[in-house]
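Chain order of the listed sequences is S and W.
If you're matching positions, the first sequence starts at 1 in this note's numbering and goes up one per residue.
If you're matching positions, the second sequence starts at 197 in this note's numbering and goes up one per residue.
Built from N, CA and C at the ideal position, the CB exists for glycine as well.
Structure record follows, encoded as structure tokens.
Number of protein chains: 2
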Amino acid sequence: MEQKRTPLDADTILAATEEILRRHGPDKATVVDVARALGVSHAAVYKHFASKQALREAVTRRWLDHNRDTLAVIAADQGMPPARRLRTWLHAVLALKQTKIREDPELFAAYGNLAAAHSTVATDHVADLLGQLTAIIADGARDGGFHTSDEEATARAVFHATAKFHHLAHAAEWREPGIDTELDEVCTLLLEGLQP
Amino acid sequence: MEQKRTPLDADTILAATEEILRRHGPDKATVVDVARALGVSHAAVYKHFASKQALREAVTRRWLDHNRDTLAVIAADQGMPPARRLRTWLHAVLALKQTKIREDPELFAAYGNLAAAHSTVATDHVADLLGQLTAIIADGARDGGFHTSDEEATARAVFHATAKFHHLAHAAEWREPGIDTELDEVCTLLLEGLQP
DNA sequence: CAAGTTACAAGATTTGAAATCTGTCACCGA
DNA sequence: TCGGTGACAGATTTCAAATCTTGTAACTTG
């Protein structure tokens with residue numbers, strides 16, 4: 001007779017969802033697909049996630065949280081002067097997304113859909129990044145490397161000025177080979193503007 | 197009997213195409229629609245324009261050329277110091293697009309489609325704008341208001357740093373009320389970076 | 001009662017045939 | 001020969017019917 005499989009917890013469902021997303025892409029992946037892969041009825045999935053949207057947000061949040069933690073290490077690295085840290089951090093933001101696009105295009109597309117739908121997963125992530133940027137700028141203001149009257153406003157300005165290198169709308173341009181040089185040029189210009 | 201209408205020159209066709217685009221939007225507007233509006237067969241339109249794509253490019257080019265000329269006046273205005281001119285010019289670029297989106301959303305969408313398809317109409321326009329930006333920066337470098345070792349590279353950096361305020365991918369964000377303030381903040385940061 | 005099931009309504013998506021559109025042709029008239 | 005025509009093939013779009021998906025509910029079981 002049927003033996004009970006794994007107890008089916010949220011993490012198991014998330015892993016299966018990632019796999020289905022990778023295989024079918026965000027437009028074709030269904031909750032029924034996920035349930036079938038787990039050998040359960042799709043209603044069982046709804047016991048753990050309120051909606052398909054919630055399931056996708058949970059998958060995306062895992063990746064974004066991982067990114068946030070990776071970047072936080074750079075943002076808090078006191079061994080690097082804030083100017084270099086800012087440059088390194090901005091390059092890392094770009095590099096993380098470039099890697100995901102290359103290695104996991106379907107999952108990245110799912111993230112893009114959420115952002116386009118103004119999901120809080122995306123807006124919260126932006127808030128996280130802005131916080132890290134503010135911390136770097138505050139460090140620079142404290143040690144005299146940067147001049148600024150309002151750290152948050154300056155962080156916002158730097159974030160907006162580098163939109164081309166982190167905003168999803170520009171993802172297609174990140175394939176172009178000159179993109180890193182372009183970011184470098186913008187960084188240099190911005191860092192000169194931040195000098196006291 | 198049928199009297200000959202207007203001689204049907206390229207400009208007449210372009211005007212009719214604009215009208216059809218405005219009415220139906222870029223996804224539904226057809227060459228047959230344009231011909232019908234002019235009272236001719238659609239083959240007649242193909243005597244003047246090689247393809248539907250060419251027709252749309254011609255319509256869009258008229259608007260972009262008008263924009264270019266408007267902006268050129270600002271870029272060349274020697275009565276304004278380059279720093280203020282740069283800020284004014286960047287605001288004007290944004291304002292022109294905001295106005296078009298508001299007053300002619302379908303025509304703006306047609307422009308967006310061409311840009312997404314990497315039409316030369318779009319890339320040429322970017323080259324025009326970069327040229328104007330380079331001219332402003334060169335003026336500033338000459339009169340000592342700006343410091344730069346490579347005017348073109350600096351112009352590119354400024355252009356990339358303000359992508360959020362002119363790149364079509366961000367058009368949806370231009371409705372937000374804070375957008376002008378955000379551009380101001382970025383301008384201020386960039387102008388400090390350009391100071392000698 | 002937590003975790004699962006089957007059954008089902010409402011709505012979205014796919015499908016496939018019919019209609020329309022694009023681009024080209026040979027031809028026409030001034 | 002320039003500017004126009006109707007007819008045409010192949011690609012694209014449309015639209016209604018069929019199917020699949022989502023989300024809920026009433027029910028089962030350890």
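Next on the checklist: Since W:Glu-253 and W:Leu-310 should fall inside the 8 Å C-beta cutoff, what is the C-beta to C-beta distance between them, to a whole number of angstroms?
Outcome noted: The sequence position of residue 253 of chain W within the second sequence is 57, counting from 1. The sequence position of residue 310 of chain W within the second sequence is 114, counting from 1. At roughly 6 Å, the Cβ-Cβ gap stays under 8 Å, so W:Glu-253 and W:Leu-310 are in contact.
Next on the checklist: With H, G and I counted as helix, E and B as strand and the rest as coil, what does DSSP make of W:Asp-273?
Outcome noted: As a working mapping, residue 273 of chain W is identified with position 77 in the second sequence. Coil at W:Asp-273, not helix or strand.
Checklist entry - Name the residues in the stretch 330 to 357 of chain W whose C-beta lies less than 8 Å from a C-beta of chain S; which are they? => result Ala-349, Thr-350, Arg-352, Ala-353, Val-354, His-356 and Ala-357
Item to check | Nearest-angstrom Cα separation, counted from W:Asn-263 out to W:Asp-273 | outcome: Position 77 of the second sequence, counted from the first residue, corresponds to residue 273 of chain W. Position 67 of the second sequence, counted from the first residue, corresponds to residue 263 of chain W. Going by the C-alpha atoms only, they are around 16 Å apart.
Item to check | Residue burial classification, W:Thr-295 (beta-carbon count within 10 angstroms, cutoff 16) | outcome: One-based indexing of the second sequence puts residue 295 of chain W at position 99. Exposed, by the Cβ-count rule.
Item to check | Proximal chain S residues relative to W:Glu-378, where beta-carbon distance stays under 9 Å | outcome: Taking the second sequence and counting its residues from 1, one reaches residue 378 of chain W at position 182. Per Cβ cutoff of 9 Å: Arg-156, Ala-157 and His-160.
Checklist entry - At a Cβ threshold of 9 Å, is W:Ala-323 touching chain S? => result Residue mapping note: residue 323 of chain W aligns to position 127 of the second sequence, counting from 1. Judged by the 9 Å Cβ criterion, W:Ala-323 is not in contact with chain S.
Checklist entry - Exposed or buried, S:Arg-85, counting other C-beta atoms within 10 Å across all chains shown (16 or more means buried)? => result Position 85 of the first sequence, counting from 1, holds the residue named residue 85 of chain S. Buried, because 16 or more other Cβ atoms sit within 10 Å of the Cβ of S:Arg-85.
Checklist entry - Among W:Asp-265, W:His-244, W:Leu-251 and W:Leu-303, which has the Cα closest to the Cα of W:Ala-288? => result One-based indexing of the second sequence puts residue 288 of chain W at position 92. Of the listed residues, the one whose Cα sits closest to W:Ala-288 is W:Asp-265.
Checklist entry - Would W:Val-382 count as contacting chain S if we go by Cβ distances under 9 Å? => result Counting from 1 along the second sequence, the entry for residue 382 of chain W is found at position 186. Interface residue, yes.
Checklist entry - Is the Cβ-Cβ distance between W:Leu-217 and W:Val-255 less than 9 Å? => result Start at 1 with the first residue of the second sequence, and residue 217 of chain W comes out as number 21. Start at 1 with the first residue of the second sequence, and residue 255 of chain W comes out as number 59. Yes, the Cβ-Cβ distance between W:Leu-217 and W:Val-255 is below 9 Å.
Checklist entry - When the Cα of S:Ala-127 is compared with those of S:Tyr-46, S:Arg-156 and S:Ser-41, which residue comes out closest? => result Here residue 127 of chain S refers to the residue found at position 127 when the first sequence is read from its first residue. Looking at the Cα atoms, S:Arg-156 is the closest of the given residues.
Checklist entry - Hey, W:Ala-233 and W:Ala-212: beta-carbon distance below 9 Å or not? => result Position 37 of the second sequence, counting from 1, holds the residue named residue 233 of chain W. Position 16 of the second sequence, counting from 1, holds the residue named residue 212 of chain W. Yes. Within cutoff.
Next on the checklist: Tell me the DSSP secondary structure of W:Pro-301 in three-state form.
Outcome noted: Within the second sequence, residue 301 of chain W is the residue found at index 105, counting from 1. Note: W:Pro-301 maps to helix in three-state DSSP.
Item to check | Endpoints, alpha helix (DSSP H) assigned at S:Lys-164 | outcome: Here residue 164 of chain S is taken as the residue at index 164 of the first sequence, counted from 1. Element bounds for S:Lys-164: n/a, residue is neither H nor E.
Checklist entry - Under 9 Å between C-beta atoms, does W:Ala-318 make it to chain S? => result Reading the second sequence from its first residue, position 122 is the one you call residue 318 of chain W. No, its Cβ sits nowhere closer than 9 Å to a Cβ of chain S.
Checklist entry - Which residues of chain W have a Cβ atom closer than 8 Å to the Cβ of S:Leu-190, listed in chain order? => result Within the first sequence, numbered from 1, the residue matching residue 190 of chain S stands at position 190. Ala-357, Leu-385, Leu-386 and Gly-389, listed in chain order.
Next on the checklist: Could you tell me the alpha carbon to alpha carbon distance between S:Thr-30 and S:Glu-106, rounded to whole angstroms?
Outcome noted: For the purposes of this step, residue 30 of chain S is taken as residue 30 along the first sequence, with counting starting at 1. For the purposes of this step, residue 106 of chain S is taken as residue 106 along the first sequence, with counting starting at 1. So the two alpha carbons sit approximately 14 Å from each other.
Item to check | Counted within 10 angstroms of its Cβ, other Cβ atoms place W:Ser-315 as buried (16 or more) or exposed | outcome: Taking the second sequence and counting its residues from 1, one reaches residue 315 of chain W at position 119. Its Cβ being crowded by 16 or more others within 10 Å, W:Ser-315 is buried.
Checklist entry - For S:His-170, which residues in chain W fall below 8 Å Cβ to Cβ? => result Along the first sequence, read from residue 1 onward, the residue named residue 170 of chain S stands at position 170. Neighbours of S:His-170 on chain W, chain order: Ala-359, His-363 and Ala-365.
Item to check | Assigned secondary structure, W:Phe-355 (DSSP; H/G/I helix, E/B strand, else coil) | outcome: Within the second sequence, the letter at position 159 stands for residue 355 of chain W. W:Phe-355: helix per DSSP, three-state reduction.
Checklist entry - Is the Cβ-Cβ distance between W:Ile-332 and W:Ala-291 less than 9 Å? => result As a working mapping, residue 332 of chain W is identified with position 136 in the second sequence. As a working mapping, residue 291 of chain W is identified with position 95 in the second sequence. No.
Checklist entry - Exposed or buried, what is S:Thr-148 when buried is set at 16 or more other beta-carbons lying within 10 Å of its beta-carbon? => result By one-based count along the first sequence, residue 148 of chain S stands at place 148. With 16 or more other Cβ atoms within 10 Å, it is buried.
Item to check | Proximity of S:Ala-109 and S:Gly-39 at Cβ, strictly below 9 Å | outcome: Stepping through the first sequence from its first residue, residue 109 of chain S is reached at position 109. Stepping through the first sequence from its first residue, residue 39 of chain S is reached at position 39. Cβ atoms of S:Ala-109 and S:Gly-39: not closer than 9 Å.
Item to check | Residue nearest to W:Asp-298 in terms of C-alpha spacing, selected from W:Leu-260, W:Arg-371, W:Leu-267 and W:Glu-381 | outcome: By 1-based counting over the second sequence, the position of residue 298 of chain W is 102. The displayed chain sequence assigns Arg, not Asp, to residue 298 of chain W. W:Arg-298 has its Cα closest to that of W:Arg-371, out of W:Leu-260, W:Arg-371, W:Leu-267 and W:Glu-381.
Item to check | Endpoints, alpha helix (DSSP H) assigned at S:Lys-28 | outcome: Translated into the one-based positions of the first sequence, residue 28 of chain S becomes position 28. Unbroken run through S:Lys-28: none, as it is neither H nor E.
Checklist entry - First and last residue of the alpha helix (DSSP H) that includes W:Ala-239? => result In the second sequence, the residue the question calls residue 239 of chain W occupies position 43. That run of the alpha helix (DSSP H) goes 238 to 244.
Checklist entry - Taking C-alpha atoms, which residue in S:Asp-104, S:Ile-13, S:Lys-52 and S:Arg-61 lies nearest to S:Arg-23? => result Along the first sequence, one-based indexing puts residue 23 of chain S at 23. It is S:Asp-104 whose Cα lies nearest to the Cα of S:Arg-23.
Checklist entry - What is the DSSP secondary structure of W:Ala-313, reduced to helix, strand or coil? => result Here residue 313 of chain W refers to the residue found at position 117 of the second sequence. Coil.
Checklist entry - Quick one: what's got a C-beta closer than 8 Å to W:Ala-334's C-beta in the same chain, skipping five residues either side? => result By 1-based counting over the second sequence, the position of residue 334 of chain W is 138. Once the five neighbours on either side are set aside, the close Cβ partners of W:Ala-334 are Glu-347.
Checklist entry - How would you call W:Ala-368, buried or exposed, if buried means at least 16 neighbouring beta carbons within 10 angstroms? => result Here residue 368 of chain W refers to the residue found at position 172 when the second sequence is read from its first residue. Label assigned to W:Ala-368: exposed.
Item to check | Neighbourhood of S:Pro-82 by C-beta distance below 8 Å, restricted to the same chain and skipping five residues each side | outcome: Within the first sequence, numbered from 1, the residue matching residue 82 of chain S stands at position 82. Excluding sequence neighbours, S:Pro-82 sits near Ile-136, Ile-137, Asp-139, Gly-140, Asp-143, Gly-145 and Phe-146.
Next on the checklist: Beta-carbon within less than 8 Å of W:Asp-205's beta-carbon, same chain only, minus the 5 sequence neighbours each way: which residues are those?
Outcome noted: Counting from one through the second sequence, the residue named residue 205 of chain W turns up at place 9. If we look at W:Asp-205 and ignore the five residues flanking it on each side, its Cβ neighbours are His-244.
Checklist entry - CB-CB under 8 Å to S:Trp-89, same chain, minus the five flanking residues each way: which ones, in chain order? => result As a first step, residue 89 of chain S is located in the first sequence; it is residue number 89 there, counting from the start. If we look at S:Trp-89 and ignore the five residues flanking it on each side, its Cβ neighbours are Leu-71, Ile-74, Ala-75, Gln-132, Leu-133 and Ile-136.
Next on the checklist: In whole angstroms, give me the CA-to-CA distance for S:Ala-116 and S:His-125.
Outcome noted: Looking up residue 116 of chain S in the first sequence gives position 116. Looking up residue 125 of chain S in the first sequence gives position 125. Going by the C-alpha atoms only, they are around 14 Å apart.
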